[in-house]
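In the working numbering, the protein residues as written are 27 to 318.
This is the structure in structure tokens:
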């Protein structure tokens, strides 16, 4: 095995330009694909935290008396998908409205009566945090005789989820394209190296060298190319991440937007995929060459 590594490293040194092109190509592919993965990792975190904060507001009919509130709350809690229920009186709702429109709160001073209804603020379980289940939950709440109306932003929730799913699908497609492109570029590079050494390989076969003895150094070369490309790509992405995240933390509250880099496990998985790219490219080239 030590001999195979020496041969592979010698090939890399001899064909520096071709190997440099291959490593840079793999690095760029890993950089782009990893950037997409990093975006979706953080977007998924944001989606999960957003789902935990989804609330449904159930407005009560104006003739509901305070004595019935406990019974109404128990009915709402009994609906599948409801995690927590808080009663918001019309007075509390008015206070919240004044805080939300601080500068324009004087517009509310002329009101003789409080026009806001009593309501229940309902937090849903994480398992029920998709547009269809939220819609079903809202229908069940509206069917209660004490509930006048239900509001949860049905339009923008559906659109937001659809846009996110579209981005995920696009990311998967682009990742697949860059993976295939990197494999074929590595294959082309290895093929050029093989043809530059074809006379040497023919002599090795004539003196009894097995196909395994010929193939293994090239496989090691492809894995080394993939490993170097993966390291460069992840290092470039990490440097970019540090720069951007530092500016984001200065510009925004960390509670509002928190971004994180890959875990060690995911970073190792990306490295293995990068090495797999190098190995596959070598495998394709050797298979075609040995058939010829």
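Cβ atoms here follow ideal geometry from the backbone N, Cα and C, with glycine treated the same way.
It should be emphasised that the depicted structure is a prediction, and the values quoted were computed from it without experimental measurement.
Span of the beta strand (DSSP E), counted from its first residue to its last, around residue i
{"i": "residue 82", "result": "81-86"}
{"i": "residue 34", "result": "Where residue 34 is concerned, there is no enclosing beta strand (DSSP E), although the alpha helix (DSSP H) it sits in stretches over 28-40."}
{"i": "residue 149", "result": "145-150"}
Range of the contiguous alpha helix (DSSP H) that encloses residue i
{"i": "residue 122", "result": "116-126"}
{"i": "residue 174", "result": "Here residue 174 belongs to no alpha helix (DSSP H); instead the beta strand (DSSP E) covers 173-177."}
{"i": "residue 103", "result": "95-103"}
{"i": "residue 228", "result": "224-232"}
Proximity below 8 Å, CB of residue i to CB of residue j
{"i": "residue 208", "j": "residue 311", "result": "no"}
{"i": "residue 48", "j": "residue 314", "result": "no"}
{"i": "residue 293", "j": "residue 260", "result": "yes"}
{"i": "residue 297", "j": "residue 265", "result": "no"}
Status (buried if at least 16 other CB within 10 Å, exposed otherwise) for residue i
{"i": "residue 267", "result": "buried"}
{"i": "residue 255", "result": "buried"}
{"i": "residue 89", "result": "exposed"}
{"i": "residue 301", "result": "buried"}
{"i": "residue 55", "result": "buried"}
{"i": "residue 84", "result": "buried"}
{"i": "residue 279", "result": "Summary for residue 279: the model assigns pLDDT 47, below 50, so the residue's position carries little reliability; its value from the coordinates is reported in the next sentence. Burial call: exposed."}
{"i": "residue 273", "result": "exposed"}
{"i": "residue 270", "result": "exposed"}
{"i": "residue 117", "result": "exposed"}
{"i": "residue 206", "result": "exposed"}
{"i": "residue 119", "result": "buried"}
{"i": "residue 71", "result": "exposed"}
{"i": "residue 92", "result": "exposed"}
Minimum Cβ-Cβ distance from residue i to chain D less than 8 Å
{"i": "residue 69", "result": "In the structure shown, chain D does not exist; there is a single protein chain."}
Counting beta carbon pairs with one atom in the region 185-197 and one in the region 29-44, are three or more of them shorter than 8 Å?
no
Three Cβ pairs or more, each shorter than 8 Å: is that satisfied between the region 195-209 and the region 162-175?
no
Counting pairs of beta carbons, one from the region 97-106 and one from the region 214-232, are three or more of them closer than 8 Å?
no
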